[in-house]
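Participant: Sequence lines, in order, name chains Y and D.
Residue numbering for the first sequence follows the numbering used here, starting at 1 and increasing by one per position.
Residue numbering for the second sequence follows the numbering used here, starting at 1 and increasing by one per position.
Following this message is one structure expressed as structure tokens.
Protein chains: 2
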Amino acid sequence: MENKLDKLNIVGIAGSLRKGSYNRMLLEAAKEIATDSMTIEEFDLSGIPMYNTDVEKSAVPEIVTEFKEKIRAADGLLISTPEYNYSVPGVLKNAIDWASRMPKDTPLHQKPVAMMGGSGGISGTIRAQGHLRQILAHSNMLDLKKPEVLVTKIQEKFDGNGVLTDDALKQHLIRFLAAFENWIRIFKK
Amino acid sequence: MENKLDKLNIVGIAGSLRKGSYNRMLLEAAKEIATDSMTIEEFDLSGIPMYNTDVEKSAVPEIVTEFKEKIRAADGLLISTPEYNYSVPGVLKNAIDWASRMPKDTPLHQKPVAMMGGSGGISGTIRAQGHLRQILAHSNMLDLKKPEVLVTKIQEKFDGNGVLTDDALKQHLIRFLAAFENWIRIFKK
Numbered sequence: 001m002e003n004k005l006d007k008l009n010i011v012g013i014a015g016s017l018r019k020g021s022y023n024r025m026l027l028e029a030a031k032e033i034a035t036d037s038m039t040i041e042e043f044d045l046s047g048i049p050m051y052n053t054d055v056e057k058s059a060v061p062e063i064v065t066e067f068k069e070k071i072r073a074a075d076g077l078l079i080s081t082p083e084y085n086y087s088v089p090g091v092l093k094n095a096i097d098w099a100s101r102m103p104k105d106t107p108l109h110q111k112p113v114a115m116m117g118g119s120g121g122i123s124g125t126i127r128a129q130g131h132l133r134q135i136l137a138h139s140n141m142l143d144l145k146k147p148e149v150l151v152t153k154i155q156e157k158f159d160g161n162g163v164l165t166d167d168a169l170k171q172h173l174i175r176f177l178a179a180f181e182n183w184i185r186i187f188k189k
Numbered sequence: 001m002e003n004k005l006d007k008l009n010i011v012g013i014a015g016s017l018r019k020g021s022y023n024r025m026l027l028e029a030a031k032e033i034a035t036d037s038m039t040i041e042e043f044d045l046s047g048i049p050m051y052n053t054d055v056e057k058s059a060v061p062e063i064v065t066e067f068k069e070k071i072r073a074a075d076g077l078l079i080s081t082p083e084y085n086y087s088v089p090g091v092l093k094n095a096i097d098w099a100s101r102m103p104k105d106t107p108l109h110q111k112p113v114a115m116m117g118g119s120g121g122i123s124g125t126i127r128a129q130g131h132l133r134q135i136l137a138h139s140n141m142l143d144l145k146k147p148e149v150l151v152t153k154i155q156e157k158f159d160g161n162g163v164l165t166d167d168a169l170k171q172h173l174i175r176f177l178a179a180f181e182n183w184i185r186i187f188k189k
């Protein structure tokens, strides 16, 4: 039987590779907020090579195997992503492409997932998240629908040290992570 | 004044990196068919690294600069892509992410573009092409709407040497490329 007090184990990924990424700050903020209910461990996508079926068939890169096993062992996946060209970054899509292979082996199948994103303007990554939900549906992932985390003017929400200073966003993340926890526990019963 | 008989210069890209890619065969078939009206030169995406703003700010990779300049000098872009996870491959999206930078410098702005794709089953990359049109809209690219090239059971359309053997598809590609040529010449006038 599932012990309701067990902490959940979440893999977190950021869709941007740059060091000062606001979406990584958002993931860090979620990690801090979630400490009582879940442990969020970030997996850095920067070492994942371009997906190539020939490479996959000869030898799956070690980092890809590690990425897939981390997700397999986790209770859920948390994605924090910027929006590039009205969609998800190629970097994030490429990591999903690797993880989605093969149909009988993918750790994405029926894995709970939640998404967040922030932009410098007013879109809040709304188009990217629309695409992302469609992409994740291919692997039958269980995506938390609400509340959505669509952060506008994200650069105004953090201080120079990358610490979340916007209280409304902090309260929203608390509600979001509580909803994600409840969502995951439905499927763990 | 534009000479109507000048051959058009097209950059072709395939969204799959594997050697035996059917979508590269499709691009090759288009190249053969188009000889009278346009020259299609393939640009291989396999050397393009993951997009990273930090890398871009310190030094844009040479291959990215080359990719952007090839597109800038071309009359149009022809994309042949498989569908991964109901969307475009991360490999293709990543190349577009690089090429779309920066707003005042991107060669994608108002560049004519046409897309093709094939799948092993019945989808014919229909979802991927839907996403791709939305992605290209960010750079205000001029996408040919019809005819669409959505190839089902693509493995049955080529022989063991990668040569297009399906006459219906060949005739369709002839119409498609003629429409692409007309589309490009509208904007060259």
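For each residue, glycine too, the CB sits at the ideal point set by N, CA and C.
Secondary structure at D/Ile10, three-state DSSP: helix, strand or coil?
Facilitator: Against the second sequence, residue 10 of chain D aligns to sequence position 10. Three-state DSSP puts D/Ile10 in a strand.
Participant: Given this structure, state the Cα-to-Cα distance separating Y/Gly120 from D/Asp167, to the nearest angstrom.
Facilitator: Sequence index remark: in the first sequence, residue 120 of chain Y carries index 120 (1-based). Sequence index remark: in the second sequence, residue 167 of chain D carries index 167 (1-based). Whole-angstrom Cα-Cα distance: 50 Å.
Participant: Give the interface partners of D/Val91 over in chain Y, defined as CB-CB distance under 9 Å, in chain order.
Facilitator: Position 91 of the second sequence holds residue 91 of chain D. Per Cβ cutoff of 9 Å: Met50, Tyr51, Asn52, Gly90, Lys93, Asn94, Asp97.
Participant: Would Y/Val11 be called buried (16 or more neighbouring beta carbons within 10 Å of its own) or exposed?
Facilitator: Mapped onto the first sequence, residue 11 of chain Y falls at position 11. Buried: at least 16 other Cβ atoms inside 10 Å.
Participant: Quick one: what does DSSP say Y/Met1 is sitting in, helix, strand or coil?
Facilitator: Stepping through the first sequence from its first residue, residue 1 of chain Y is reached at position 1. Confidence is the limiting factor: at Y/Met1 the pLDDT is only 46, short of 50, which leaves the residue's position unreliable and the question unanswerable from this model.
Participant: Just to confirm my understanding: we take Y/Pro82, look at its own chain, exclude 5 residues before and 5 after, and list those with CB closer than 8 Å. What are they?
Facilitator: Locating residue 82 of chain Y in the first sequence gives position 82, where the first residue counts as 1. The answer, listed in chain order, is Gly15, Ser16, Ser21, Tyr22, Asn23, Pro89, Gly117, Gly118, Ser119, Thr125, Ala128.
Participant: Is the shortest distance between the beta-carbon of D/His138 and the beta-carbons of chain Y less than 8 Å?
Facilitator: Here residue 138 of chain D refers to the residue found at position 138 of the second sequence. Yes, its Cβ sits closer than 8 Å to a Cβ of chain Y.
Participant: Along chain Y, in chain order, which residues have C-beta atoms closer than 7 Å to that of D/Arg18?
Facilitator: Locating residue 18 of chain D in the second sequence gives position 18, counting from the first residue. Going along chain Y in sequence order, the residues near D/Arg18 (Cβ under 7 Å) are Asn52, Thr53, Asp54.
Participant: Taking Y/His109 as the query, report the chain D residues whose CB atoms sit under 9 Å from its CB, ordered along the chain.
Facilitator: Here the question's residue 109 of chain Y lines up with position 109 in the first sequence. Result: empty, since nearest Cβ-Cβ is about 12 Å, beyond 9 Å.
Participant: Does the stretch 52 to 63 of chain D come close enough to the stretch 146 to 157 of chain D that 3 or more CB-CB pairs lie under 8 Å?
Facilitator: These segments do not touch.
Participant: Here's a check: name, in chain order, each residue in its chain whose Cβ is nearer than 6 Å to the Cβ of D/Ile79, leaving out the five neighbours to either side.
Facilitator: Taking the first residue of the second sequence as position 1, residue 79 of chain D is located at position 79. Ile13, Met115, listed in sequence order.
Participant: For D/Gly117, which of helix, strand or coil comes out of DSSP?
Facilitator: As a working mapping, residue 117 of chain D is identified with position 117 in the second sequence. Strand at D/Gly117.
Participant: The alpha helix (DSSP H) that contains Y/Thr152, what's its start and end?
Facilitator: Indexing the first sequence from 1 puts residue 152 of chain Y at position 152. Element bounds for Y/Thr152: n/a, residue is neither H nor E.
Participant: Any C-beta of chain D sitting closer than 8 Å to the C-beta of Y/Ile10?
Facilitator: Here residue 10 of chain Y corresponds to residue number 10 of the first sequence, with the count starting at 1. It does not; no Cβ of chain D falls within 8 Å.
Participant: Just how far apart, CA to CA, sit D/His109 and D/Ala74?
Facilitator: Reading the second sequence from its first residue, position 109 is the one you call residue 109 of chain D. Reading the second sequence from its first residue, position 74 is the one you call residue 74 of chain D. Roughly 12 Å separates the two Cα atoms.
Participant: Note down, in chain order, each residue of its chain lying with its Cβ closer than 6 Å to the Cβ of D/Val149, except the 5 sequence neighbours on either side.
Facilitator: For the purposes of this step, residue 149 of chain D is taken as the residue at position 149 of the second sequence. Around D/Val149: Met116, Phe176.
Participant: Going by DSSP in three states, Y/Met25 sits in which element: helix, strand or coil?
Facilitator: The sequence position of residue 25 of chain Y within the first sequence is 25, counting from 1. Correct three-state label for Y/Met25: helix.
Participant: Indicate the three-state DSSP secondary structure (helix, strand or coil) for Y/Asp44 in the structure shown.
Facilitator: Your numbering for residue 44 of chain Y matches position 44 in the first sequence. In this structure, Y/Asp44 counts as coil in the three-state DSSP scheme.
Participant: Between D/Ile79 and chain Y, is there a C-beta pair that is closer than 8 Å?
Facilitator: Counting from 1 along the second sequence, the entry for residue 79 of chain D is found at position 79. Closer than 8 Å: no.
Participant: Can you pull the chain Y neighbours of D/Asp135, defined as C-beta to C-beta under 8 Å?
Facilitator: Stepping through the second sequence from its first residue, residue 135 of chain D is reached at position 135. Reading off the sequence shown, one finds Ile at residue 135 of chain D, where the question assumed Asp. Per Cβ cutoff of 8 Å: Asn85, Tyr86, Ser87.
Participant: Quick one: is Y/Val97 buried, meaning 16 or more other Cβ sit within 10 Å of its Cβ, or exposed?
Facilitator: By 1-based counting over the first sequence, the position of residue 97 of chain Y is 97. It is Asp, not Val, that sits at residue 97 of chain Y in the sequence shown. Buried: at least 16 other Cβ atoms inside 10 Å.
Participant: D/Val163: buried (16+ other C-beta within 10 angstroms of its C-beta) or exposed?
Facilitator: Taking the first residue of the second sequence as 1, we reach residue 163 of chain D at position 163. Exposed is the call here.
Participant: Under 8 Å, do Y/Arg133 and Y/Pro107 count as touching if we go by C-beta distance?
Facilitator: Position 133 of the first sequence, counting from 1, holds the residue named residue 133 of chain Y. Position 107 of the first sequence, counting from 1, holds the residue named residue 107 of chain Y. Cβ distance not < 8 Å, so Y/Arg133 and Y/Pro107 don't count as in contact.
Participant: If you compare alpha carbons, which of Y/His172, Y/Ile184, Y/Glu181 is closest to Y/Glu29?
Facilitator: Mapped onto the first sequence, residue 29 of chain Y falls at position 29. According to the sequence as given, residue 29 of chain Y is Ala; it is not Glu. Cα-wise, what sits closest to Y/Ala29 is Y/His172.
Participant: Which chain D residues sit within Cβ distance under 7 Å of Y/Ser100?
Facilitator: Reading the first sequence from its first residue, position 100 is the one you call residue 100 of chain Y. Those within 7 Å of Y/Ser100 in chain D are Asn85.
Participant: Exposed or buried, D/Phe187, counting other C-beta atoms within 10 Å across all chains shown (16 or more means buried)?
Facilitator: The count along the second sequence starts at 1 and reaches residue 187 of chain D at position 187. Per the 10 Å Cβ criterion, exposed.
Participant: Please report how far the alpha carbon of Y/Lys146 lies from the alpha carbon of D/Lys170, in whole angstroms.
Facilitator: Stepping through the first sequence from its first residue, residue 146 of chain Y is reached at position 146. Stepping through the second sequence from its first residue, residue 170 of chain D is reached at position 170. One C-alpha to the other measures close to 47 Å.
Participant: So, at 7 Å on beta carbons, what are the nonlocal neighbours of Y/Lys7 in its own chain, with the 5 sequence-adjacent residues on each side left out?
Facilitator: Counting from one through the first sequence, the residue named residue 7 of chain Y turns up at place 7. These residues qualify, in order along the chain: Ser37, Met38, Thr39.
Participant: Would you call the CB atoms of D/Tyr51 and Y/His138 closer than 8 Å?
Facilitator: Taking the second sequence and counting its residues from 1, one reaches residue 51 of chain D at position 51. Taking the first sequence and counting its residues from 1, one reaches residue 138 of chain Y at position 138. In this structure, Y/His138 does not lie closer than 8 Å to D/Tyr51 by Cβ.
Participant: Evaluate Y/Gly160 with the Cβ neighbour count: other Cβ atoms within 10 Å of its Cβ, from every protein chain shown; 16 or more gives buried, anything less gives exposed.
Facilitator: Position 160 of the first sequence, counted from the first residue, corresponds to residue 160 of chain Y. It is exposed - the Cβ of Y/Gly160 has fewer than 16 other Cβ atoms within 10 Å.
Participant: Shorter than 8 Å from the beta carbon of Y/Met1 to some beta carbon of chain D?
Facilitator: Position 1 of the first sequence, counted from the first residue, corresponds to residue 1 of chain Y. Interpretation of Y/Met1 is limited by its pLDDT of 46, a score under 50 that renders its predicted location unreliable; the figure taken from the coordinates is listed afterwards. So, not an interface residue.
Participant: Between the C-alpha atoms of Y/Glu66 and D/Thr165, what's the straight-line distance to the nearest angstrom?
Facilitator: In the first sequence, the residue the question calls residue 66 of chain Y occupies position 66. In the second sequence, the residue the question calls residue 165 of chain D occupies position 165. Going by the C-alpha atoms only, they are around 42 Å apart.
Participant: Per DSSP, what kind of secondary structure is Y/Thr65 in: helix, strand or coil?
Facilitator: Your numbering for residue 65 of chain Y matches position 65 in the first sequence. Three-state DSSP puts Y/Thr65 in a helix.
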